Amino acid sequence: MSNPRIGSGNQSAPGLPTSTVTTSPSSGQDSLGRSIGSLAETPATEGLHNEPLTHSQRQIKDRAVAYYKETGQVGRNILPSINDRPFSEYWEEVPGKVHRGVVDHKLMQVKQEAREEEESSSPKAEKKKEVWHVKTPGRETGAEKFKRLLQKVIYFITGKSYKAHFYDNRKVLAQRECLAAEAYKQAMGYGSEYIYRYSLDEERQDHCVASKDLQGYYSGDTFFQQTLFPSISQFTDDHNPATNLVMRRFLLGDQDYLKLDNYLFKQAEGGELSHVQEGEELLTGKLISIDFGMSFYNQFALPKRCTLEQFTNKLLQPSNLHRVQYRGQKTLLTMVGQMERDQVQRSIEVALNRIANLSDQQLGELAEHMHQPAIREGMFEILRFKRAQARALLNQESWPLEPGAGKGFSVL
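So my numbering is basically just the index in the sequence shown, starting at one, shifted up by 1429.
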């Protein structure tokens, strides 16, 4: 087995809040509740305030730490791969359609032995088989390579170096997608049913993205052929096309926010109906975003002291490139255009409030998806700047200064 290095994870980024250290690999558990801390950095108080590990749990922890050390994933302020052992020992394919291309999409599940270890080592671990979508690097054609080379040259000429380097590092690409998805999850308030995690295939030197399969949803590109929702206004205020537009285009700078197959929809249920008027009998829809591979490709620049009206006008107008690219096609903006104007405005403000309410600790934990310190710091600065803009648009704060040289997009 090869032994790739995953970056200088043991360095801390100076701008990150110190509270994020408590959720790093060196301090106990990952986001799924699994123990992964480095033995060399185990706190002396272990066992005083927590139940001591059993011999079996200690062995599981030792094995996981050994794998993370071997692949360079032990250190403060990083969230390591979801597979705490070699990729081939953690994942197995399940029957289902495999989509192949520049990126391959496979249906997989955690192998029984790995799943049983997770269940025995942590009460937070899943207790049943879960199907995951695992995106792995596929085959890049000559035409695709030429297209990206041409794009890179154009972006260097036009001074957009961060776009020119967007595809340079597959590890960064995968971890950035996971960060974007989890930022969306945090802002939208989703729970453990919505998870994106980086997964390392150390043998193939591949950097992959694993996301939980979402049950009961329909693909967004079928929306205009279905009859479940006669009116698009039947989507709830906090899970509708306008809310998702703010998240993907403004917060995440996503290049593919218009593509309907990057969304899923279903009838809302349970607590999701909190905003529905009592006695309303219409079906109420819920739209959710997936596939964040092109996140942070755009900055979605706003003028200084931008007003909410200016923001709304820009948000609802596609770029010139997208206007040509999607001419004659139905997109997310088509869905937004069919909503009532007052619902659109209300939903935009709901989304901005969700972004404005993100804490420094939440942003710091999101940045832990990036293993390279400079990029981790850059992503934290971008998220914090977007939060500050959201607060300013809602008149909660004054307009923020742009991140300077060596910060934000300039280090990506």
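Glycine included, each C-beta is placed from N, C-alpha and C at the ideal position.
All values reported here derive from a predicted model rather than from experimental measurement.
Taking the CB atoms as reference points, tell me whether residue i and residue j lie closer together than 8 Å.
i     : j     : result
W1561 : K1641 : yes
L1689 : H1751 : no
F1740 : L1731 : yes
L1737 : F1679 : no
A1780 : R1820 : no
Y1647 : Q1655 : yes
L1792 : L1823 : no
P1566 : D1666 : no
K1540 : E1518 : yes
A1796 : F1809 : yes
L1693 : I1719 : yes
T1500 : E1631 : yes
R1577 : Y1591 : no
V1563 : A1639 : yes
F1814 : P1802 : no
So the beta strand (DSSP E) residue i belongs to, where does it begin and stop?
i     : result
Y1625 : Y1625 to D1630
K1641 : D1635 to K1641
S1718 : G1714 to S1718
If residue i and residue j are in contact, beta carbons under 8 Å, what's the gap, nearest whole angstrom?
i     : j     : result
E1611 : H1798 : 7 Å
Y1627 : A1593 : Rounded, the Cβ-Cβ distance is 24 Å, inconsistent with contact.
F1664 : L1629 : So it is not a contact: roughly 37 Å between Cβ atoms.
Y1613 : L1536 : Not really, about 22 Å apart at Cβ, beyond 8 Å.
R1605 : F1725 : 6 Å
A1616 : R1805 : Wrong, their Cβ atoms sit about 19 Å apart, outside the cutoff.
N1727 : Q1684 : 6 Å
E1559 : Q1538 : 6 Å
I1777 : V1675 : 6 Å
M1723 : F1652 : M1723 to F1652, Cβ: 21 Å. No contact.
W1828 : R1677 : The pair is not a contact, with the Cβ atoms about 23 Å apart (cut-off 8 Å).
N1691 : G1649 : 7 Å
Name the one or two DSSP bridge partners that residue i has.
i     : result
W1520 : V1539
D1533 : T1565
L1693 : S1648 and I1717
F1664 : G1714
H1800 : Answer is none; H1800 lacks a bridge partner.
A1528 : Looking at the sequence provided, one finds His at residue 1528 rather than Ala. The partner list for H1528 (beta bridge, DSSP) reads H1534.
Along the alpha helix (DSSP H) that carries residue i, what are the first and last residues, could you check?
i     : result
L1744 : L1737 to L1744
K1384 : Outside the displayed range of the chain (1430 to 1841) lies residue 1384, so it cannot be described from this structure.
R1605 : R1599 to M1617
S1670 : Before going further, note that residue 1670 is Pro rather than Ser in the sequence given. Here the alpha helix (DSSP H) through P1670 covers P1670 to L1674.
L1761 : L1761 to G1766
S1776 : R1770 to A1785
H1751 : N1749 to Q1754
Please confirm whether residue i has its beta-carbon closer than 8 Å to some beta-carbon of chain B.
i     : result
G1714 : Checking the listed chains, one finds no chain B in this structure; it contains a single protein chain.
Point to revise | the stretch 1484-1493 / the stretch 1608-1626 touching (three or more Cβ pairs under 8 Å) | key: In the pairwise beta carbon analysis, the stretch 1484-1493 is classified as not touching the stretch 1608-1626: fewer than three pairs are separated by under 8 Å.
Check your understanding: How do the stretch 1663-1683 and the stretch 1765-1779 stand: do at least 3 beta-carbon pairs fall below 8 Å, yes or no?
Key -> Yes, the stretch 1663-1683 is in contact with the stretch 1765-1779.
Exercise for review: Tell me, please, whether the stretch 1523-1538 touches the stretch 1500-1507 by the rule of three or more beta-carbon pairs shorter than 8 Å.
Suggested key: They do not touch, by the three-pair rule.
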